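Number of protein chains: 2
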Amino acid sequence: MKKIITISREFGSGGRELGKRLAEHLGIAYYDQEIITGIAQRSGLAEEYINNIVEKQPISYYPITIGRTFASAVYPQQNFNTNVYIEQSNVIEEMAAKSDCVIVGRCSSYILRKSDPYNVFVYSDIESRLRRCRLRAPEDERLSDDELIKKIKNIDKGRAKYHRFFAEQKWDDRENYNLCINTSNIPVKQIALPIAELLKAVYINPKNDK
Amino acid sequence: MKKIITISREFGSGGRELGKRLAEHLGIAYYDQEIITGIAQRSGLAEEYINNIVEKQPISYYPITIGRTFASAVYPQQNFNTNVYIEQSNVIEEMAAKSDCVIVGRCSSYILRKSDPYNVFVYSDIESRLRRCRLRAPEDERLSDDELIKKIKNIDKGRAKYHRFFAEQKWDDRENYNLCINTSNIPVKQIALPIAELLKAVYINPKNDK
Chain R
1 MKKIITISRE FGSGGRELGK RLAEHLGIAY YDQEIITGIA QRSGLAEEYI NNIVEKQPIS
61 YYPITIGRTF ASAVYPQQNF NTNVYIEQSN VIEEMAAKSD CVIVGRCSSY ILRKSDPYNV
121 FVYSDIESRL RRCRLRAPED ERLSDDELIK KIKNIDKGRA KYHRFFAEQK WDDRENYNLC
181 INTSNIPVKQ IALPIAELLK AVYINPKNDK
Chain V
211 MKKIITISRE FGSGGRELGK RLAEHLGIAY YDQEIITGIA QRSGLAEEYI NNIVEKQPIS
271 YYPITIGRTF ASAVYPQQNF NTNVYIEQSN VIEEMAAKSD CVIVGRCSSY ILRKSDPYNV
331 FVYSDIESRL RRCRLRAPED ERLSDDELIK KIKNIDKGRA KYHRFFAEQK WDDRENYNLC
391 INTSNIPVKQ IALPIAELLK AVYINPKNDK
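Protein chains in written order, with the numbering used here: chain R, 1 to 210; chain V, 211 to 420.
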């Protein structure tokens with residue numbers, strides 16, 4: 001069976017960077033935006049629109065952009081989002097079947113539950129998340145700290161709702177994860193290598209000395 | 211400032227063993243039952259009685275054993291337990307001031323919050339905890355699985371209540387910890403060395419390459 005590491009992460013916690021660095025240290029594939037691209041290719045939907053669904057609650061209504069055509073008609077949104085979720089599951093399952101890999105977000109811990117993945121949850125205090133967002137997102141420059149914090153919390157609320165809707169479990173409940181790591185005040189660069197070593201020891205090449 | 215690692219743990223999760231092995235790998239002191247012994251020496255209370263208070267809700271009533279004298283009178287229990295908590299804080303603070311160390315349980319993550327400890331929470335699914343308890347506690351042999359599970363859950367309920375009462379925070383809330391590690395189906399021996407390496411990298415000897 002392939003070795004799959006999934007990364008779920010609070011927005012601004014550095015989870016995506018950690019996933020990328022783990023994949024580098026372990027010499028395995030890394031999937032993140034590729035999942036969205038895969039769904040877009042199968043469904044004909046725009047990547048931005050899929051991102052909106054996957055990061056937000058699946059039962060709300062959005063105007064829909066198909067390819068380059070803007071459609072303002074109201075769709076039966078819930079079925080529609082369920083279809084996106086099904087495509088997402090297919091894409092993630094195919095990726096996981098190909099080779100050992102790190103997969104970031106998008107309910108991958110739940111979708112791959114039968115493949116015995118190692119599930120990591122990355123979180124941070126709000127100050128560290130604010131700092132990380134300021135560093136990486138110049139488009140948010142115009143936002144005040146309070147506004148940016150609100151944005152961060154809203155994105156997480158969306159992830160939690162999406163996860164609860166499709167996975168029927170609490171997104172940030174430690175029981176759904178093998179490891180939860182707090183990146184407050186810690187550069188992700190510093191933790192990636194020792195966590196890669198931990199993953200080797202307990203998951204990728206475990207010794208059988210019980 | 212001394213380097214202090216605190217271990218909080220669900221009963222049967224192997225947290226105590228992890229603490230002991232981390233202290234060995236890191237070559238630092240390990241405090242566990244020593245805390246109870248310290249409180250006993252200062253207060254004249256029996257160790258077993260102190261254990262009862264520290265592992266259970268602090269506002270319930272127990273018959274009290276002072277030294278070897280059994281006193282059945284009802285004490286103003288809440289004040290009494292608060293005094294035990296104060297002694298416990300003193301003992302833990304003294305231990306933490308002496309040298310780098312690993313301290314297991316007893317609200318140490320909260321008591322030492324100003325010393326910037328690295329706080330680890332260890333947890334496991336109930337099946338793994340049951341197996342660990344069966345291996346280590348022959349006195350529970352007479353208990354059925356259901357009874358032992360009830361006992362395990364009750365001990366954790368007591369720890370949670372004690373923590374909430376004195377630390378005014380949720381005992382098992384990941385936000386109070388730097389690392390939460392799930393030991394389901396994993397021998398603690400296997401994770402101790404890589405976690406010790408992680409601790410060195412992020413806490414004991416961190417590099418300053420931000």
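C-beta atoms are modelled at their ideal positions from N, C-alpha and C, and glycine is treated no differently.
Remember, predicted model here, so these are calculated numbers, not experimental data.
- By the criterion of at least three beta-carbon pairs nearer than 8 Å, the segment 357-366 of chain V is not in contact with the segment 145-153 of chain R.
- Taking a Cβ-Cβ cut-off of 8 Å, the neighbours of V:GLN400 in chain R comprise ALA201, VAL202, PRO206, LYS207 and ASP209, given in sequence order.
- Going by DSSP, R:PHE11 is part of no alpha helix (DSSP H) at all; its letter is neither H nor E.
- Around the beta carbon of R:SER108, 16 or more other beta carbons lie within 10 angstroms, which makes this residue buried.
- Among the CB atoms of chain V, none fall inside 8 Å of the CB of R:GLU168.
- Around the Cβ of R:LYS3, a 10 Å sphere holds 16 or more other Cβ atoms; the residue is buried.
- Judged by their CB atoms, R:ILE126 and R:PHE11 are not nearer to each other than the 8 Å cut-off.
- At least one C-beta of chain V is nearer than 8 Å to the C-beta of R:GLU197.
- Secondary structure of V:ALA256 (DSSP, three-state): coil.
- In the three-state reduction of the DSSP assignment, V:ILE391 falls in the strand class.
- Of all alpha-carbon atoms in R:GLU141, R:ILE39, R:ASN119 and R:LEU112, the one lying nearest the alpha-carbon of V:THR393 is that of R:ASN119.
- Along the segment 335-346 of chain V, there is no position whose C-beta sits under 7 Å from a C-beta of chain R.
- By alpha-carbon distance to V:ASN293, the top candidate from V:ILE313, V:ALA250 and V:GLY315 is V:ALA250.
- The beta carbon of V:ARG374 sits closer than 8 Å to the beta carbons of LYS380 and TRP381 from its chain, once the five residues preceding and following it are set aside; these are given in chain order.
- Taking 8 Å as the CB threshold, V:TYR333 lines the interface with chain R.
- Rounded to whole angstroms, the gap between the alpha carbons of R:PHE166 and V:GLY225 is 33 Å.
- In the three-state reduction of the DSSP assignment, V:ALA239 falls in the strand class, which pools E and B.
- Not a single C-beta of chain R is nearer than 8 Å to the C-beta of V:LEU236.
- R:ILE92 is positioned such that its CB atom lies closer than 8 Å to that of R:ARG106.
- Taking the beta carbon of V:TYR387 as reference, the chain R residues within 7 Å of it are ASN182, listed in sequence order.
- Residue environment for V:GLY254: exposed (fewer than 16 other C-beta atoms within 10 angstroms of its C-beta).
- The beta carbon of V:PRO327 does not come within 8 Å of any beta carbon belonging to chain R, so the residue lies off that interface.
- Contact note: R:PRO138 does not reach chain V at a C-beta cutoff of 8 Å; the least C-beta distance is about 19 Å.
- At a cut-off of 8 Å between beta carbons, R:LEU22 makes no contact with chain V.
- V:ALA307 counts as exposed, since fewer than 16 other C-beta atoms from the protein chains shown sit within 10 angstroms of its C-beta.
- Take R:ILE152, set aside five residues on each side of it, and the residues of its chain with a beta-carbon closer than 6 Å to its own are PHE11, GLY12 and ARG129, in chain order.
- For R:ILE103, the uninterrupted beta strand (DSSP E) segment begins and ends at 101-104.
- Closer than 8 Å to the CB of V:ILE396 there is at least one CB belonging to chain R.
- Counted as a single uninterrupted DSSP element, the stretch harbouring V:VAL332 is not any alpha helix (DSSP H) but the beta strand (DSSP E) occupying residues 328-333.
- With its beta carbon less than 8 Å from one in chain V, R:ARG174 belongs to the interface.
- Between V:ASP310 and the set V:CYS343, V:GLU234, V:ARG219 and V:LEU228, the nearest pair of CA atoms involves V:GLU234.
- The beta carbon of V:LYS230 sits closer than 7 Å to those of TYR240, all from its chain and outside the five residues before and after it, given in chain order.
- For R:LEU193, a Cβ of chain V is located within less than 8 Å of the residue's own Cβ.
- Excluding the 5 residues flanking it on each side, R:GLU197 has no same chain C-beta neighbour closer than 6 Å.
- Contact annotation: R:VAL202 and V:ILE217 have beta-carbon atoms that are not nearer than 8 Å.
- Of the other Cβ atoms in all chains shown, 16 or more fall within 10 Å of the Cβ of R:GLU17; this residue is therefore buried.
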